[in-house]
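Here is the structure we will look at.
Number of protein chains: 4
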Amino acid sequence: MSAEPSQPSPTMAHLSTCRVTYRMTDQMGVVYYANYLELFEIGRTDLLRATGLTYRQMERDGYLLPVIHAACDYLAPARYDDLLEIRTTIGRLSRVRIDFDYEVRRAEGGELLCRGVTRHAIVGAGGRPRRLDEGWMARLQGTGG
Amino acid sequence: MSAEPSQPSPTMAHLSTCRVTYRMTDQMGVVYYANYLELFEIGRTDLLRATGLTYRQMERDGYLLPVIHAACDYLAPARYDDLLEIRTTIGRLSRVRIDFDYEVRRAEGGELLCRGVTRHAIVGAGGRPRRLDEGWMARLQGTGG
Amino acid sequence: MSAEPSQPSPTMAHLSTCRVTYRMTDQMGVVYYANYLELFEIGRTDLLRATGLTYRQMERDGYLLPVIHAACDYLAPARYDDLLEIRTTIGRLSRVRIDFDYEVRRAEGGELLCRGVTRHAIVGAGGRPRRLDEGWMARLQGTGG
Amino acid sequence: MSAEPSQPSPTMAHLSTCRVTYRMTDQMGVVYYANYLELFEIGRTDLLRATGLTYRQMERDGYLLPVIHAACDYLAPARYDDLLEIRTTIGRLSRVRIDFDYEVRRAEGGELLCRGVTRHAIVGAGGRPRRLDEGWMARLQGTGG
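Line order of the protein sequences matches chains A, B, C and D.
1 is the number of the first residue of the first sequence in the numbering used here; add one for each residue after it.
1001 is the number of the first residue of the second sequence in the numbering used here; add one for each residue after it.
2001 is the number of the first residue of the third sequence in the numbering used here; add one for each residue after it.
3001 is the number of the first residue of the fourth sequence in the numbering used here; add one for each residue after it.
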């Protein structure tokens, strides 16, 4: 294990895409603000999958990652039928906490629409804190596997 | 118990209200079509609560009501900030199946916006069919305690 | 134009995929029933895109396709992280109305989870009925350019 | 107008309630994290209504309040059928920006589940910044007619 367990891991980044549907828009003709948090979920799920194991498998290993904090800056609106790119990185990682950072861009032109972060506790099935084991740490630091 | 267990119970009707939020609208400025099914859930939950026991209590009694069919006719659009009235009735009730009927109206003026139905199997915790007991039948028929 | 303008067009089918997120599930651990209508939207949007023009372009041509009816049969539950396949076909097509049919399957194993239909009026920007022109008819019948 | 236009207005607080539906839960059996932002929308809409004029009327006056920032701390989970109380206050108010603060509690017992904030730009119909007029300022400061 690294002497600095909370250092961001520069290699763990992932790009997801999502097409904006009617469902995601509101009457202003833009993506409703809460729906960016759904994009964030897509982003971090895809990133975990890219480590070689899925969040579903994490759950089977007895880990849950409840969100304890989320924040979002809205820079420009996404519109119906836009293809969005969600770039997800692991921001800060320790044995008991993990932060994901997100950038949402319009694929066409690359304009940055939204920047966000989610912070997750690492807990066991009963909801109690549970330290992430070596295998998962290595995987999430991009050094495993 | 009635000799005709599937007869609709004329007394079991309930009126719920819901204010249209931005979240429920889409870029056409109207309530997105899937969101009426959320209104239906509010309607049938409130109706059950009006019987004196909640769906949460039904679950604790070991019953689940998975939806096996839903249908909706869209007559006129609901718009942002409209106060909606959802009128829910039990359409057809047997020991293994229950139908709810719904009418959604704009409170102001009373225009009928949407009519729908959901059909639910009555199953036990394991997902297997389970016959509704006398107490619940009586309650849902509006003749119970 | 065909003498039977409402005949289904056997060639217009499209397969979309969608991964089930936490957002789509409910506390039963299955996809919430209203969310299948979102899958249907993805399906019909992708099908239109496969004709060579998008629904966004249809709107720019002055056509809207408001849903006037939707129905869904729920055969088996979709679960978190399932990869779903949405098979969309044009069921019935006339100059003033279009039906889409949907089948949702679990990609792994191919189990049929849900079958549905949506019916759409074809209207102009003001909401009044507007007959679909030859170009769009041909495109939707899979015989166009 | 006050010499300190950005001071919080202690009188403008509002309590909304919302019953947790199946739709709002996820497979963990708790309210999905993005759905708290919908509760925040209910809260601030109700608060505006309590000033005597609605957000719909603000729009008719040519004002829009796009969200530019949102943040949320998740302290304890809300569960199916919980009655939630959303306490909304105006945090910081100037002619070009308005912050709302939110606390979500379980009505039974009063446990604090979630704390959040949304920041809104005040813009005109075209999306350009537009200074809030005296009437709306007074209303939002709780000193108006």
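Even for Gly, the Cβ is constructed at its ideal location relative to N, Cα and C.
Between the options, which has its C-alpha nearest residue i's C-alpha?
i: D:R3115; options: D:Y3074, D:Y3080 and D:G3052; result: D:Y3074
i: B:T1118; options: B:M1058, B:A1034 and B:A1071; result: B:A1071
i: A:R105; options: A:P77, A:G142, A:G127 and A:D99; result: A:P77
i: B:A1138; options: B:D1101, B:G1127, B:I1090 and B:E1108; result: B:I1090
i: B:Q958; options: B:A1107, B:A1050 and B:C1018; result: As shown, chain B starts at 1001 and ends at 1145. That puts residue 958 of chain B outside it, with no answer to give.
i: A:L48; options: A:E111, A:G135, A:M12 and A:V31; result: A:M12
i: A:H14; options: A:G52, A:R79, A:Y33 and A:Y80; result: A:G52
i: C:V2031; options: C:T2088, C:C2018, C:R2079 and C:Y2055; result: C:R2079
Measuring only between beta-carbons, confirm whether residue i sits less than 8 Å from chain A.
i: C:E2017; result: Checking the sequence shown, residue 2017 of chain C turns out to be Thr, not Glu. Not one chain A Cβ lies under 8 Å of C:T2017.
i: B:D1026; result: yes
i: C:T2045; result: yes
i: C:Y2080; result: yes
With a threshold of 8 Å between beta-carbons, can residue i be considered close to chain D, or not?
i: A:S85; result: A quick correction: the sequence has Glu, not Ser, at residue 85 of chain A. It does not: the Cβ of A:E85 has no partner Cβ on chain D nearer than 8 Å.
i: C:R2023; result: yes
i: C:Y2055; result: no
i: B:I1098; result: no
Output yes if chain C places a C-beta closer than 8 Å to the C-beta of residue i; else output no.
i: A:I122; result: no
i: A:T51; result: no
i: A:Y102; result: no
i: A:E146; result: This structure leaves residue 146 of chain A out entirely; chain A is present only between 1 and 145.
i: A:D61; result: no
i: A:E108; result: no
i: A:I42; result: yes
So residue i is in the alpha helix (DSSP H); what residue range does that whole segment cover?
i: A:E41; result: N35 to A50
i: B:A1076; result: Careful: B:A1076 lies outside any alpha helix (DSSP H) and carries neither H nor E.
i: C:G2135; result: E2134 to L2140
i: B:Y1022; result: Element bounds for B:Y1022: n/a, residue is neither H nor E.
i: B:R965; result: One cannot answer for residue 965 of chain B here, as it falls past the ends of chain B, which runs 1001 to 1145.
Skipping 5 residues on each side, what residues in its chain have a beta carbon closer than 6 Å to that of residue i?
i: C:G2145; result: Residue placement at C:G2145 is flagged as unreliable, the pLDDT there being 43, under the threshold of 50; the coordinate-derived value follows with that caveat. The answer is none, since no qualifying residue turns up.
i: A:S16; result: I42, G43, D46 and I86
i: C:L2132; result: R2095 and I2122
i: C:G2149; result: For chain C, the structure presents residues 2001 to 2145; residue 2149 of chain C sits outside this window and is missing.
i: C:L2093; result: L2140
i: B:D1101; result: T1089, G1091 and V1117
i: D:G2947; result: The shown model of chain D, from 3001 to 3145, leaves out residue 2947 of chain D, and the question about it has no answer.
Any beta carbon of chain E sitting closer than 8 Å to that of residue i?
i: C:A2071; result: Reference to chain E is not applicable here, since the protein chains of this structure are A, B, C and D.
Within its chain, find whatever has a CB closer than 8 Å to the CB of residue i; leave out the 5 residues flanking it on each side and keep chain order.
i: B:A1121; result: L1065, P1066, I1068, V1096, R1097 and P1129
i: C:A2125; result: G2062 and L2064
i: A:N35; result: M24
i: B:L1112; result: L1075, A1076, E1103, V1104 and R1105
i: A:E108; result: D82 and L83
i: B:Y1033; result: C1072 and Y1074
i: C:D2099; result: I2090, G2091, R2092, L2093, V2117, T2118, R2119 and H2120
How far does the beta strand (DSSP E) with residue i in it reach, from first residue to last?
i: A:V117; result: L112 to A121
i: A:D82; result: Where A:D82 is concerned, there is no enclosing beta strand (DSSP E), given that its DSSP letter is neither H nor E.
i: D:E3108; result: Segment: none, D:E3108 is in no beta strand (DSSP E) and carries neither H nor E.
May I ask whether a heavy atom of the ligand ADP can be found less than 7 Å away from the beta carbon of residue i?
i: B:A1138; result: In terms of ligand content, the structure shown is empty, and the ligand ADP therefore cannot be addressed.
State yes or no: is the beta carbon of residue i nearer than 8 Å to at least one beta carbon in chain B?
i: A:Y36; result: no
i: C:I2068; result: yes
i: A:Y74; result: no
i: A:G29; result: yes
i: D:E3134; result: no
To which residues of the same chain is residue i closer than 7 Å at the C-beta, ignoring the five residues directly before and after it?
i: C:T2054; result: L2048
i: D:C3018; result: L3039, I3042, L3084 and I3086
Does the region 2083 to 2092 of chain C come close enough to the region 2030 to 2050 of chain C that 3 or more CB-CB pairs lie under 8 Å? yes
Decide if the region 3013 to 3030 of chain D is in contact with the region 2017 to 2028 of chain C; the criterion is three or more beta carbon pairs, one per stretch, under 8 Å apart. Here the region 3013 to 3030 of chain D lies against the region 2017 to 2028 of chain C, with 3 or more beta-carbon pairs under 8 Å apart.
The region 2049 to 2061 of chain C / the region 1055 to 1072 of chain B touching (three or more Cβ pairs under 8 Å): Result no; under three Cβ-Cβ pairs closer than 8 Å.
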